[in-house]
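Protein sequences, first through last, are from chains A and B.
Counting along the first sequence from 1, when you hit position 106 you're at 105 in numbering that gives the first Met the number 0, and nothing is skipped either side.
Counting along the second sequence from 1, when you hit position 11 you're at 10 in numbering that gives the first Met the number 0, and nothing is skipped either side.
All C-beta atoms in this analysis are idealised placements derived from N, C-alpha and C, irrespective of residue type, glycine included.
Note that the coordinates shown come from a computational prediction; the quantities given were computed from them, not determined experimentally.
Have a look at the structure below, then the notes.
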Amino acid sequence: MFEVKALHVYYGKSHIVQGVSLQVGRGEAVGLVGRNGVGKTTTLKAIMGLVRRTEGRVLLGGTDLTRLPAHLRARRGLGYVPEERAVFPAMTVEENLRIGALLLGNVDQGRFLETAYRLFPILKERRLQPAGTLSGGQQKMLALARGLAARPTLLLVDEPSEGLMPLNVELITEALVQATGEGMGVLVVDASFDLLRRACSRLYVMDRGVIVGTYRPDEFRSPDELAATYLGVGA
Amino acid sequence: MDQVLLQLLNGLVVGLSLALVASGLALIFGVLDIVNFAQGDFFMLGGYVLWFTVDRTGNFLLGVVLAAVVVGVAGGLTLLAFLWPLLDRPHALVILATLGLSLIVQQEATNLFGGATRLVQPPIAAQIPLGSVRYPVYNLAIIAAGALILAAGYLFLRYAKYGIWIRAVAQNRSMAAAMGVPVPRVYALAFIASAALAAVAGSLLAPIVAVYPTVGNDVILNAFIIVVAGGMGNFRGAAVVSILLGEVQALGSIHLRPVTVQIIALGLVILLLIVRSRRQSALVRL
Numbered sequence: 000m001f002e003v004k005a006l007h008v009y010y011g012k013s014h015i016v017q018g019v020s021l022q023v024g025r026g027e028a029v030g031l032v033g034r035n036g037v038g039k040t041t042t043l044k045a046i047m048g049l050v051r052r053t054e055g056r057v058l059l060g061g062t063d064l065t066r067l068p069a070h071l072r073a074r075r076g077l078g079y080v081p082e083e084r085a086v087f088p089a090m091t092v093e094e095n096l097r098i099g100a101l102l103l104g105n106v107d108q109g110r111f112l113e114t115a116y117r118l119f120p121i122l123k124e125r126r127l128q129p130a131g132t133l134s135g136g137q138q139k140m141l142a143l144a145r146g147l148a149a150r151p152t153l154l155l156v157d158e159p160s161e162g163l164m165p166l167n168v169e170l171i172t173e174a175l176v177q178a179t180g181e182g183m184g185v186l187v188v189d190a191s192f193d194l195l196r197r198a199c200s201r202l203y204v205m206d207r208g209v210i211v212g213t214y215r216p217d218e219f220r221s222p223d224e225l226a227a228t229y230l231g232v233g234a
Numbered sequence: 000m001d002q003v004l005l006q007l008l009n010g011l012v013v014g015l016s017l018a019l020v021a022s023g024l025a026l027i028f029g030v031l032d033i034v035n036f037a038q039g040d041f042f043m044l045g046g047y048v049l050w051f052t053v054d055r056t057g058n059f060l061l062g063v064v065l066a067a068v069v070v071g072v073a074g075g076l077t078l079l080a081f082l083w084p085l086l087d088r089p090h091a092l093v094i095l096a097t098l099g100l101s102l103i104v105q106q107e108a109t110n111l112f113g114g115a116t117r118l119v120q121p122p123i124a125a126q127i128p129l130g131s132v133r134y135p136v137y138n139l140a141i142i143a144a145g146a147l148i149l150a151a152g153y154l155f156l157r158y159a160k161y162g163i164w165i166r167a168v169a170q171n172r173s174m175a176a177a178m179g180v181p182v183p184r185v186y187a188l189a190f191i192a193s194a195a196l197a198a199v200a201g202s203l204l205a206p207i208v209a210v211y212p213t214v215g216n217d218v219i220l221n222a223f224i225i226v227v228a229g230g231m232g233n234f235r236g237a238a239v240v241s242i243l244l245g246e247v248q249a250l251g252s253i254h255l256r257p258v259t260v261q262i263i264a265l266g267l268v269i270l271l272l273i274v275r276s277r278r279q280s281a282l283v284r285l
């Protein structure tokens, strides 16, 4: 359903992503794991169309997105929740959500807001507050809620659990599980063992710009086993 | 007392026309971090379009509308085309490019219209009594038109789809794109609106300041001071500071020499900057 073929990304003279190919099925969540700096975030950005020099193809449900700019990829069904700077800081929480609904054309804004608030009730309490004044964790939940409520065909999520309290990690894990249950595809970069094991059906391990292995999460019995796998590669 | 009322009104005329120029500057600074030195020339071109239209048709209102449309679309898109290749390049290049465009436009205006000052009669000659003096009704019309346009601009940014998109691009460009906001179209709209705002100010003020190729230079300096003081990229801030500056200059001129007034005004701007930087100014409040 979603497929990336031989993706390459260059920043200046560095060759960051060196031929990544991956697939995500309908209603499937797939994890992308690896050490810091191996190109996971860059891979997500390139899929979204946010970096300039790329090669390779990006296909979503038979549509070739390769030549489209980011905003048209979004309209064809790609969603993106970045790790940092994910919200519009001077807009209120509710405006941030409404702008997500605005792009869906005739979608009912009320239902969009309701979906987001049901996922993360804290957002409803803070709905009239500028998003820039939320804590880092709350900003991440806002961005994830907005990404999920837009119901893209495939959602790209970068480090959703990082810096969150365990209770909130459970909350976002549940939200991802529920979304895949409704047919959404998810490609998630994260390091939380619980999240990966509960939400994902497959894990791609990435090292130095290439994918070095594919695993099922239940092949690992503990966070240490998983970490040993991706820290071990190339070391 | 009549003197004070008179100057209060004059301050509003100056302040609101400055606000139109400055809010346009703030708009494209907010969206693209671009400092546009050609903004004063859009003001000047607006004046010429008005003068030309009034000269040919005698219709003042048509002149104002044409100024906004012609200068807005042609000027805004020319500037965008000029800057498009420079968008992710160092700021100095962008500043030089807008300065260059400003020089070209001024020279072309001189070639086309001559260096002479063109006078335009106000469309309303009536004056109303204000105590012991009489005040031109046309000036009141400028105040009303300026306030109306600024209010409309504010409401547009706050509630209209494209207004919300402009704010989104200003606050977080890549996230806006990733959510499907058509960024190139938003750029074009911001440039057109910005140029149109300056042109409307230039056309409305033509009967008061007259029209000549460098008329924009006198406006642009004040407009920059305002945009900096109002918070770069802040539409509302630019409007408020403009009116404040207009009033300070007008009221000050009752008892003080113009130079002294200008010094006081600049002093106030510096004070404002100090206060602003003490408080948070990290958030763009476009």
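Item                                                                                                                                                                       : Value
Work out the CA separation of B:A209 and B:L11 for me, nearest whole Å.                                                                                                    : 19 Å
Straight-line CA distance for B:V260 to B:I207?                                                                                                                            : 21 Å
Where does A:G163 fall in DSSP's three states?                                                                                                                             : Residue identity differs from the one stated: residue 163 of chain A is Leu in this sequence, not Gly. Coil at A:L163, not helix or strand.
Starting from A:G212, follow the beta strand (DSSP E) in both directions and report where the run begins and ends.                                                         : V209 to Y214
Would you decide whether A:M164 is buried or exposed? Buried here means 16 or more other CB atoms lie within 10 Å of its CB.                                               : exposed
Give the DSSP-derived three-state secondary structure of A:K139 in the structure shown.                                                                                    : helix
Under the three-state reduction of DSSP, which class applies to A:D157: helix, strand or coil?                                                                             : strand
May I ask which residues mark the beginning and end of the beta strand (DSSP E) holding A:G30?                                                                             : A28 to V32
Put B:P135 into one of helix, strand or coil per three-state DSSP.                                                                                                         : strand
Starting from the Cα of A:N95, find the closest Cα among B:N171, B:A67 and B:A146 and give me that residue.                                                                : B:N171
When the cut-off is 8 Å and only beta carbons count, does B:I27 lie next to chain A?                                                                                       : no
Are there 16 or more other CB atoms within 10 angstroms of the CB of A:S13, so buried, or fewer, so exposed?                                                               : exposed
Are A:A130 and A:T91 close, meaning C-beta to C-beta below 8 Å?                                                                                                            : yes
By DSSP, does B:A18 sit in helix, in strand, or in coil?                                                                                                                   : helix
Cα-Cα, which of A:I46, A:L154, A:R97 and A:Y214 is closest to A:Y203?                                                                                                      : A:Y214
Given A:T42, which residues of its chain have a CB within under 6 Å of its CB, disregarding the five upstream and five downstream residues?                                : V16 and V19
What number of angstroms, rounded off, separates the C-alpha of A:A73 from the C-alpha of A:V57?                                                                           : 13 Å
What does DSSP give as the partner residues of A:G184 in its beta bridges?                                                                                                 : A:L153
Is the Cβ of A:I98 closer than 8 Å to any Cβ of chain B?                                                                                                                   : yes
Beta-carbon within less than 6 Å of B:A195's beta-carbon, same chain only, minus the 5 sequence neighbours each way: which residues are those?                             : A67 and G71
Kindly list, in the order they appear in chain A, the residues whose Cβ is closer than 7 Å to that of B:A177.                                                              : M47, L49, A69, A73 and Y79
What residue range does the alpha helix (DSSP H) around B:L247 cover?                                                                                                      : Reading the sequence as shown, one finds Val at residue 247 of chain B and not Leu. It spans F234 to G251 - the alpha helix (DSSP H) in which B:V247 sits, taken as one unbroken run.
Excluding the 5 residues preceding and the 5 following A:A234 in the sequence, name in chain order all residues of the same chain whose CB lies nearer than 6 Å to its CB. : In this prediction, A:A234 has a pLDDT of 49, which is less than 50 and means its spatial position is unreliable; what the coordinates show is noted afterwards. None.
Alpha carbon to alpha carbon, how far is A:V156 from A:G78? Give it in angstroms, no decimals.                                                                             : 8 Å
Using the Cα positions of A:V50 and B:P84, report the straight-line distance between them to the nearest angstrom.                                                         : 17 Å
Could you compute how far the alpha carbon of A:M0 sits from the alpha carbon of A:V23?                                                                                    : 7 Å
Report the rounded CA-to-CA distance for A:K39 versus A:G33, giving the unit in angstroms.                                                                                 : 7 Å
Name, going along the chain, the residues of the region 23-47 of chain B whose beta-carbon falls closer than 7 Å to a beta-carbon of chain A.                              : none
So, helix, strand or coil for B:Y211, using DSSP?                                                                                                                          : coil
What residues are listed by DSSP as bridge partners for A:Y229?                                                                                                            : Beta-bridge pairing links A:Y229 to no other residue.
Report the neighbours of B:R166 on chain A: residues whose CB is nearer than 8 Å to its CB, in chain order.                                                                : F87, A89 and M90
Given a cut-off of 8 Å, decide if B:V226 and B:F28 are closer than it, judged by their beta-carbon atoms.                                                                  : yes
Check the Cβ-Cβ distances between A:S13 and every residue of chain B, and say whether any is below 8 Å.                                                                    : no
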